[in-house]
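Following: one structure in structure tokens, then a few remarks.
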Amino acid sequence: DTLIATPKPLFVWADEEQVFGEGVPGYQVDVALEFDPGVIPVPLVRAMIGELPEVDGAQLVDIDLRSWNRSESSFDADRGLRYFDVTVEWSLPPGVAEDVKATMSTGLGPSAFFAGEESFFEPGFVEATEPRVFGDDWTQPVVFLDRYDGSVVVSGTDDEGASLAVSVTFEPNRSVLQKLPE
């Protein structure tokens with residue numbers, strides 16, 4: 012199949028003195044492409060979206076895929092020197108933000124997402140965690156495919172317009188996490 016995309020302006024920065032992301036001088040390339048509604052050209056992103064509960068009336072507004080390099084001296088170098096982040100964002104219709112929060116914290120059901128994070132006290136195990144609230148941002152840590160750290164963020168209020176963002180960091184050397192015995 013051939014996908015047709017409308018390219019937006021392409022930006023490339025390269026300078027030995029510039030600092031991006033993890034504080035390492037280098038280069039950055041931003042490529043924005045616009046696809047027809049409902050077209051998601053990256054199979055992994057389609058799979059992520061397919062594992063989330065559907066929110067009636069939510070509008071997909073952005074998909075961001077960023078590739079990163081970290082230095083060998085980085086604190087997280089053992090997780091992989093090259094990794095990427097995926098963020099998918101939706102605008103939510105009025106009146107559903109609280110229901111979305113409840114679903115994303117307790118109603119993920121049988122999916123590839125788990126509402127929790129790696130245990131601080133028992134590394135290698137995943138444990139359920141409560142969402143964190145800071146102002147109008149509600150954040151639920153999640154683990155994708157029993158391996159990758161992520162978060163679900165509901166920002167804003169139903170009165171002002173809320174958004175839903177799901178982010179996952181794909182680090183190649185992440186080990187599969189086990190569930191803590193109950």
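In this text, residue positions in the sequence shown follow the working numbering: the first is 12, and each later residue adds one. Glycine residues also receive a C-beta, built at the ideal position from the N, C-alpha and C atoms. If you're wondering where the values come from, they're calculated on a predicted model, not measured in any experiment.
key: Residues that Glu100 bridges to, as DSSP identifies them   = Asp73, Ala176
message = Per DSSP, what are the beta-bridge partners of Thr17 in this structure?
response = Glu45
request  = Please determine, among Pro48, Gly91, Ala43, the residue with the shortest C-alpha to C-alpha distance to Thr180.
outcome  = Gly91
For Val97 and Pro54, the rounded distance between their alpha carbons = 12 Å
inquiry  = Once DSSP output is grouped into helix, strand and coil, what is the label at Val66?
reply    = coil
ask   = What whole-angstrom Cβ distance do Ser130 and Ser174 have, given they're in contact under 8 Å?
value = At roughly 30 Å, the Cβ-Cβ gap does not stay under 8 Å, so Ser130 and Ser174 are not in contact.
query = Can you tell me the Cα-Cα spacing of Val50 and Val187, whole angstroms?
reply = 30 Å
query = From Leu76, Arg93, Ala176, pick the residue whose C-alpha is nearest to that of Ser82; which is it?
reply = Arg93
inquiry  = Rounded to the nearest angstrom, what separates Phe86 and Asn184 at their Cα positions?
reply    = 14 Å
message = When you compare the CB positions of Thr140 and Gly127, do they come within less than 8 Å of one another, or not?
response = yes
ask   = Are the CB atoms of Leu44 and Glu133 nearer to each other than 8 Å?
value = no
message = Less than 7 Å between C-beta atoms, sequence neighbours within five positions excluded: which residues of the same chain meet that for Gln70?
response = Trp101, Ser102
query = Roughly how many angstroms lie between the CA atoms of Asp41 and Pro18, to the nearest whole one?
reply = 11 Å
query = Looking only at C-alpha atoms, which of Glu65, Val72, Trp149 sits nearest to Gly120?
reply = Glu65
query = For Val56 versus Val111, is the C-beta distance shorter than 8 Å?
reply = no
query = Pick from Gly61, Glu171, Gln189: whose alpha carbon is nearest that of Val107?
reply = Glu171
message = Cutting at 8 Å between CB atoms, please list the residues of its own chain near Ser122, excluding the five before and the five after it.
response = Glu62, Leu63, Pro64
ask   = Looking only at C-alpha atoms, which of Val153, Trp79, Pro104 sits nearest to Val164?
value = Val153
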